[in-house]
Amino acid sequence: MSDTRPRLLLTQRQTLPVMQRIEQSFNISDVPGHKLTTRELLDGARAFQPQAILIYTGLPLRHDDVAQLPDSVKIVATVSVGTDHLDIAALHARGIIVTNTPDVLTDCNADMAMMLMLTAARRAAEYTTLMRQGWGRGLAMDEMLGTRISGKRLGIVGMGRIGRAVARRARGFDMQVMYSNRRRLPAEQEEGATYFSTVTDMLPHCDILSLHLPASPETDGMINAELLGRLPRGAIFINAARGALVDEDALIAALKSGQLAAAGLDVYRNEPNPDPRFLELPNVFLTPHVGSATTETRSDMGMLALDNVEAVLNGRAALTPVKG
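Residues in the sequence shown are numbered from 35 upward in steps of one, following the working numbering.
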């Protein structure tokens with residue numbers, strides 16, 4: 035008997051609850067043993083003729099790739115908030131609906147930003163290295179001192195869902211919250227945060243700077259040497275958004291010179307092979323783009339992606355369509 039369930043192309047494994055739903059509700063060719071490349075996706079799509087593709091942020095589909103997708107594809111559902119890996123215009127031109135997974139990962143990404151603040155400010159990478167080397171001696175009162183984040187001035191670039199969630203957490207540390215955004219938020223969403231119409235004007239007031247905006251041609255490399263130089267000397271830099279926002283040569287120079295005391299980074303320009311110079315810097319705490327990496331959030335993301343797939347394939351409107 036032929037399988038009449040909708041055909042879904044998987045490009046990587048999902049969490050157990052999501053995989054159970056997929057195996058029950060969809061016809062899949064197989065479960066990938068690794069994250070598929072773009073070439074493997076296109077080859078698999080031609081062979082399997084799927085109606086839906088579940089994709090991830092590390093898998094680009096550009097204009098020429100989209101042109102090679104079979105006509106069977108009705109929806110590309112990315113298990114992410116970000117969509118900079120997809121050529122949205124080209125997909126829409128093919129009549130393919132694109133969806134993402136906003137909201138469900140807000141809290142985990144905000145938690146990650148706070149973790150990066152604490153680990154960078156309190157020299158967690160250096161302390162861990164010392165312990166792994168055997169410790170072996172007491173530290174003097176003035177040795178390997180970090181920075182207290184309580185009461186500090188936090189500047190947030192991009193005050194969307196995640197930026198606002200970070201601001202709420204920062205207030206628990208009695209931090210003074212400032213933000214720069216394309217437009218000023220209503221007072222009830224600001225919750226007392228100070229608005230700056232430009233990042234340039236905000237930077238001199240920031241003890242800690244945290245990025246929370248999407249990558250785009252307009253924001254590519256926006257954090258450059260000039261902007262980093264406007265921060266107070268000894269500021270702390272946090273990026274749990276997108277690596278493309280940053281001129282990494284300028285960031286590394288600022289960390290080496292002491293313009294920045296420390297940085298906490300979850301994202302990089304060249305993922306999954308970031309600039310090796312970051313590994314040589316003791317004042318950087320590094321994580322491998324894992325802002326949403328909890329069982330709860332990754333399951334919620336997968337379930338929302340499947341909700342979108344089922345809605346579209348059953349003739350209903352997508353829950354979280356990507357426009358543009």
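Where is the CB? At the ideal position from N, CA and C, for every residue including glycine.
Taking 7 Å as the cut-off, the Cβ atoms of A159 and G180 do not count as close.
Around the Cβ of M178, a 10 Å sphere holds fewer than 16 other Cβ atoms; the residue is exposed.
Taking a cut-off of 8 Å for Cβ pairs, the stretch 284–294 and the stretch 333–344 do not touch, as fewer than three such pairs fall below it.
Distance from the CA atom of T133 to the CA atom of L76, rounded to whole angstroms, is 19 Å. Beyond the five residues adjoining it in sequence on each side, S250 comes within less than 8 Å, by CB distance, of D118 in the same chain, given in chain order. The stretch 74–117 contains, as complete alpha helix (DSSP H) runs of 4+ residues, the segments 97–101 (chain order). Along the stretch 114–143, the alpha helix (DSSP H) occurs as fully enclosed runs of 4 or more residues at 122–127, listed in sequence order. Per DSSP, R205 lies in no beta strand (DSSP E); the unbroken alpha helix (DSSP H) holding it starts and ends at R195 to R205. For the pair of segments examined, the stretch 142–151 was found not to touch the stretch 121–129: the number of CB pairs separated by less than 8 Å stays below three. Considering only N348, S63, L88 and L299, the residue with the shortest C-alpha distance to V324 is L299. Residue pairing by DSSP places Q210 opposite R187 in a beta bridge.
Residue environment analysis places R332 among the buried positions, since at least 16 neighbouring C-beta atoms fall within 10 angstroms of its C-beta.
Runs of alpha helix (DSSP H) with 4 or more residues, each lying fully within the stretch 39–70, are found at 50–59, listed in chain order.
Collapsing the DSSP output to three states places Y161 in a helix.
In chain order, T329, R332, S333 and G336 place their CB closer than 8 Å to the CB of T49, counting only its own chain and leaving out the 5 sequence neighbours on each side.
Residue pairing for V280: DSSP places it in a beta bridge opposite I257.
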